[in-house]
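In what follows, a structure is listed as structure tokens, so that the remarks can point back to it.
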Amino acid sequence: MYQRTAKANQIRGLVGEYGLVAPVGVGQLRAILPRWLEDAENGLTDAFCVLLAGLAEDLRHLDERITTITARIEQQVQADPVATRLMTLRGVGPLTASALAGALGDGQAFRRGRDFAASLGLTPRQHSTGGRDRLLGISKRGDSYLRKLLVHGARAVFRHTGNKEDHLSQWVRQLAERKHANVAVVALANKTARIAWAITRWDVDYDPDLASQAAYQ
Numbered sequence: 001m002y003q004r005t006a007k008a009n010q011i012r013g014l015v016g017e018y019g020l021v022a023p024v025g026v027g028q029l030r031a032i033l034p035r036w037l038e039d040a041e042n043g044l045t046d047a048f049c050v051l052l053a054g055l056a057e058d059l060r061h062l063d064e065r066i067t068t069i070t071a072r073i074e075q076q077v078q079a080d081p082v083a084t085r086l087m088t089l090r091g092v093g094p095l096t097a098s099a100l101a102g103a104l105g106d107g108q109a110f111r112r113g114r115d116f117a118a119s120l121g122l123t124p125r126q127h128s129t130g131g132r133d134r135l136l137g138i139s140k141r142g143d144s145y146l147r148k149l150l151v152h153g154a155r156a157v158f159r160h161t162g163n164k165e166d167h168l169s170q171w172v173r174q175l176a177e178r179k180h181a182n183v184a185v186v187a188l189a190n191k192t193a194r195i196a197w198a199i200t201r202w203d204v205d206y207d208p209d210l211a212s213q214a215a216y217q
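The sequence shown begins at 1 in the UniProt record's numbering and counts up by one.
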């Protein structure tokens, strides 16, 4: 995934030198590449077109690898009851469920959900000065890959909460009204990690109407 992002950014940087603005998203970039290569009036030199065609082919191969790996992970998740239950969490897909299951094991390595969230760097750092405690940014300790997956998933949940009336959706909307967007997203990622721990540790199914209650702390 990171290799594909790096390749896409490389392409964006190169075409930018010719005044071409690449669209946001790998899918849209992939779609516009053939049009750029076929356009005889966009100022691209023959040598650059050869280079760009090679980069487009590299991007296609990375897409194929990601598709193959994702399919394998989905098969593994479907065969794992814990990972399957974790996928019922909002913002948790096959990749995140697989990574969560691997990080949690049976959940007994962590005394409570907030300890697991802290191990991923999803809790605020504290700094004491003048007798007062100040909350700083998240610690970013632990598994950066899983932390990023949870944050990306939380951001998607925020975008699609809409008018849903379950407790978690109401909590998300209330949080978004009080906090900066990035702070709210990390708070939801923290909650998702804690719920994942509870599901794994206590061998229970996810209930969105309990998601804000102590059962998932």
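Backbone N, C-alpha and C fix where the C-beta goes; we use that ideal spot for every residue, glycine too.
Option nearest residue i by Cα separation, candidates the options
i, options, result
"V77", "R65, L59, S98", "S98"
"I69", "G142, M1, L188, G153", "M1"
"A181", "A156, R30, G13, G105", "A156"
"T192", "T123, E38, V50", "T123"
"P39", "G27, V26, L20", "Residue identity differs from the one stated: residue 39 is Asp in this sequence, not Pro. Here the closest residue by C-alpha is L20."
"R65", "F110, W36, Q3", "Q3"
"V26", "N9, R35, L14", "N9"
Residue i classed as buried or exposed, judged by whether at least 16 other C-beta atoms fall within 10 angstroms
i, result
"V24", "exposed"
"I11", "buried"
"V82", "buried"
"P94", "buried"
"T5", "exposed"
"N190", "buried"
"G113", "buried"
"A154", "buried"
Extent of the continuous alpha helix (DSSP H) to which residue i belongs
i, result
"W13", "Trp is not the amino acid found at residue 13; the sequence shown has Gly there. 2–16 is the extent of the alpha helix (DSSP H) around G13."
"P34", "26–38"
"R178", "167–178"
"T200", "181–202"
"K145", "It is worth fixing the name first, because residue 145 is Tyr in this sequence and not Lys. Residues 144–160."
"D205", "Unbroken run through D205: none, as it is neither H nor E."
"R141", "No alpha helix (DSSP H) contains R141, which DSSP labels as neither H nor E."
"G43", "Looking at the DSSP string, G43 is not in any alpha helix (DSSP H), and its letter there is neither H nor E."
"A22", "Unbroken run through A22: none, as it is neither H nor E."
"G121", "Segment: none, G121 is in no alpha helix (DSSP H) and carries neither H nor E."
Sequence-distant residues of its chain with Cβ nearer than 7 Å to residue i (five each side left out)
i, result
"L86", "V92, A97, L100, A101, A196, I199"
"Y206", "R85, T88, L89, I195, I199"
"R141", "G121"
"V151", "V185, V186, A189"
"D80", "A101"
Cβ-based neighbour list, residue i, same chain, cut-off 8 Å, excluding 5 preceding and 5 following
i, result
"K7", "L55, D58, L59, L62"
"L146", "T96, A99, L100, A103, L120"
"Y18", "N42, G43, L44, F48"
"L33", "I11, L52, A56, L59"
"V172", "V157, F158, T161, A184, L188"
Cut-off 6 Å between Cβ atoms - residues of its own chain near residue i, not counting five sequence neighbours on either side
i, result
"R201", "G107"
Exercise. Unbroken alpha helix (DSSP H) runs of length 4 or more, entirely within the stretch 72–111: which are they?
Worked result: Counting whole runs of 4 or more residues, the stretch 72–111 contains the alpha helix (DSSP H) stretches 81–86, 94–104.
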